[in-house]
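Numbering (this note's numbering), first residue to last: 20 to 92. Every residue gets a Cβ at the ideal spot worked out from N, C-alpha and C, and that includes glycine. Model, not experiment: these values are computed from the prediction. Okay, structure first, notes after.
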Amino acid sequence: MPTAVIDINLPTDEVLKYYQGIATRVKGYGHTGEYMDLPINIFLNYISHDGIFGTFKITYNDAGKFQSIKKIG
């Protein structure tokens, strides 16, 4: 299955925008330079008091649909 790796650095004030209904997406570039536009809800299990920080491996099915996420760093 296709995968992508992305670093996420969202402080608490940015994560709060999700709960306020202001933000629904996380945008950035993967480790190989691809632009990624991901729903923030896939990161909800990784929220801490400081926000969402870390390196994540995103797995897609062969049709390009999200399958899983794993924190790898």
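### Assigned secondary structure, residue 71 (DSSP; H/G/I helix, E/B strand, else coil)
Here residue 71 corresponds to residue number 52 of the sequence shown, with the count starting at 1. It is a strand residue.
### Message
By alpha-carbon positions, which one of 21, 30, 23 ends up nearest to residue 69?
### Response
Here residue 69 corresponds to residue number 50 of the sequence shown, with the count starting at 1. The residue with the shortest Cα to Cα distance from residue 69 is 30.
### Message
Between which residues of its own chain and residue 23 is the CB-CB distance below 8 Å, once the five residues before and five after are set aside?
### Response
Reading the sequence shown from its first residue, position 4 is the one you call residue 23. 49, 50, 51, 53, 55, 76, 77, 79.
### Task
Apply the 10 Å Cβ neighbour rule to residue 59 and answer buried if 16 or more other Cβ atoms are within range, or exposed otherwise.
The sequence position of residue 59 within the sequence shown is 40, counting from 1. With 16 or more other Cβ atoms within 10 Å, it is buried.
### Limits of the unbroken beta strand (DSSP E) element including residue 46
In the sequence shown, the residue the question calls residue 46 occupies position 27. First-last of the beta strand (DSSP E) with residue 46: 44-48.
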